[in-house]
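Residues 6 to 197 in this note's numbering are what the sequence shown spells out, letter by letter.
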Amino acid sequence: MLQFLLPLVASGAAVAYAAYAVGAWSAVQYLLCAVLAFDIVGGIITNATSSGKRWYHRPGQGVRQHFGFVLVHLAHLAVVAWLFLSADWPWLATTGSFLLVAALAILVSPLYLQRPVAMAMYTGSVVLGLYVLASPPGMEWFLPLFYLKLLVAHLPRETAYRPHRETGSGIDGAGRALSGGRSVRAEDHQTR
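What follows is the structure, encoded as structure tokens:
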């Protein structure tokens, strides 16, 4: 429900904001704005869930598969550069290059550093989007949420905990993982 309702609300809000802020878009631009908002917000939520982490970081999913997932998302940047920034190919080259470099930095980092590296790369993306690159009018939300989805929610491999009631495991009051009723450190569960 959360993974459908919030993206649906985000789509409506993105289109309403664009109509208010810009007002002169084509029907295709409004449609793609809605689709991008739905995909990105849905992706942030889904990729950040424990089930999403278990799925995307299951055995057989390594650097190649995650980098492939990121490469597919270059299409999002191309659509924004073409339809919302009048074919601004330098913008596409800059945002795409940053995405690929940041993704590789996260993916090749040791497991214990993936989250801080992801946060550092995300911080760089916010600076890039706010101070270096033009924001698409009506789509100022796009770059920060796009990079949040991929760099923070998707790429870092993190332990995916299930609620205690599902597995007999969970998190105790001190933030330690429980396994079979005994408390263990969360770091003990994270392996490369």
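Here a beta-carbon is modelled for each residue, glycine too, at the ideal position from N, C-alpha and C. This one's a predicted model, so the numbers in the text were calculated from it and none came from an experiment.
query                                                                                                                                                              : result
Applying the criterion that 16 or more other CB atoms from any shown protein chain within 10 Å of the CB defines a buried residue, is S16 buried or exposed?       : buried
Spatial neighbours of M126 within its chain, please: CB distance less than 7 Å, with the 5 preceding and 5 following residues excluded, ordered by chain position. : A107, A110, I111, L156
Going by CA-CA distance only, name the one from M144, R162, E163, Y136 that's closest to L88.                                                                      : M144
Where does W146 sit, in a helix, a strand or coil, going by DSSP?                                                                                                  : coil
Would you say L82 and L97 are within 8 Å of each other, going by their C-beta atoms?                                                                               : yes
How should T31 be labelled, buried or exposed, when 16 other C-beta atoms within 10 angstroms of its C-beta is the threshold for buried?                           : The sequence shown places Ser at residue 31, rather than the Thr named in the question. Exposed.
Please return the same chain residues whose Cβ sits closer than 6 Å to the Cβ of V68, not counting the five positions on each side in sequence.                    : L112
Identify whether P12 lies in helix, strand or coil by the three-state DSSP scheme.                                                                                 : helix
Just verifying my parser: in three-state terms, what is the DSSP assignment at S184?                                                                               : Caution applies to S184, whose pLDDT of 49 falls short of 50 and renders its modelled position unreliable; the value that the coordinates give is listed next. Of the three classes helix, strand and coil, the one that applies to S184 here is strand, per DSSP.
Taking all protein chains shown into account, decide if L148 is buried (16 or more other Cβ within 10 angstroms of its Cβ) or exposed.                             : buried
Could you compute how far the alpha carbon of L160 sits from the alpha carbon of A123?                                                                             : 8 Å
Determine the extent of the alpha helix (DSSP H) in which A139 is found, giving its start and end residues.                                                        : Per DSSP, A139 belongs to no alpha helix (DSSP H) and is neither H nor E.
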